[in-house]
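Q:
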Amino acid sequence: MSDKLKFIETSKLPTDMGEFTVHAFTDENESKDHLAICMGDLLTDEPVLSRIHSQCITGESFFSMRCDCRFQLTESLKQIAQIGRGVIFYLQQEGRGIGLSNKIKAYSLQDKGLDTVEANHQLGFKDDERTYENIAGMVKYLAIKKLDLMTNNPKKIKALEDMGIKVNQRVPIFSDTNKYNEKYISTKKSKLGHLI
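Heads up: the sequence shown runs through residues 177 to 372, numbered per our numbering.
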C-alpha cells in the first residue's frame, strides 16, 4: 500500500444480492475513507471482475435521476454476485471529486442550462477532479493479479495501467436514460470521452 493509504478493518456485508466482504481503508493525507467491497476468491490467476466507483450520495442514497451512478453500482454488485467473485473499489470522491456541497452548486448551475463540465469550470474545477492512486494500495492488499474492469471511462483504464495494474479487458456498463440525465450522459460521451 502507499504510505498514505492505511488499512482499517474488514467485515461481512450482507446484501439482498449476496454476502460481500468489505475492507475499509483511510487516505491519511486527505482524511477520506475508501472501501473494497469483495466477493469470492480473489487469489486467482483469472481476471477479477471489478469496478472503480465514486461515492454518489444524491444518486445512491436519495435516488436522484440526474445521474446513472446508482444503476452502475447496483448493476456491478449484481454482476459480481452472479459469477460469485469480484470487487468494487468504492472511493469517497463525491461529484467527480468536487465534494457534496460543490456538487449541489454544480446542480444549480445545470438547472440554469450548463452541462456538468461547464458547471465544474464555472466553479473553478477541472472536468474531473478524481484520482485513482489509492486503487494501487487496495489491489496490492487484496493481492489481485489482473482485472476485468466494468467501466465506460477509458481514463480509469489508463490510470490503472499507468500504476502497473493489469487490466485484462473493459466490460461496458450501460443504463437507460431519462429526461433528467440525458444531457449528463451525452456530456460524458462528448466531452469526457466515455465509451457510451
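All C-beta atoms in this analysis are idealised placements derived from N, C-alpha and C, irrespective of residue type, glycine included. Remember, predicted model here, so these are calculated numbers, not experimental data.
So what does DSSP say about Thr-363, is it helix, strand or coil?
A: Looking at Thr-363 - three-state DSSP - the assignment turns out to be helix.
Q: Just how far apart, CA to CA, sit Ile-320 and Gln-345?
A: When rounded, the distance between both Cα atoms is 15 Å.
Q: Can the beta-carbon of Val-224 be found less than 8 Å from the beta-carbon of Gly-262?
A: Against a cut-off of 8 Å, the Cβ pair of Gly-262 and Val-224 comes out as a contact.
Q: Starting from His-210, trace the beta strand (DSSP E) in both directions and tell me its first and last residue.
A: First-last of the beta strand (DSSP E) with His-210: 208-215.
Q: Between the alpha carbons of His-229 and Met-215, how many angstroms are there, rounded?
A: If you take the alpha carbons of His-229 and Met-215, they lie about 16 Å apart.
Q: Relative to the C-alpha of Phe-201, which residue among Leu-189, Thr-191, Gly-275 and Ile-184 is closest?
A: Minimum Cα distance to Phe-201 is reached at Ile-184.
Q: Whose C-beta lies closer than 8 Å to the C-beta of Asn-278 among residues of the same chain, with five residues either side of it excluded?
A: Only Gly-271, Leu-299 and Phe-301 meet the Cβ criterion.
Q: Quick check on DSSP: helix, strand or coil for Pro-190?
A: Note: Pro-190 maps to strand in three-state DSSP.
Q: Output the boundary residues of the alpha helix (DSSP H) element that contains Asn-354.
A: First-last for Asn-354: undefined, no H or E at that position.
Q: Near Asp-324, what residues of its chain come up, given a Cβ to Cβ distance below 6 Å and the 5 sequence neighbours on each side ignored?
A: Answer for Asp-324: Pro-223, Leu-225, Asn-344, Gln-345 and Val-347, listed in chain order.
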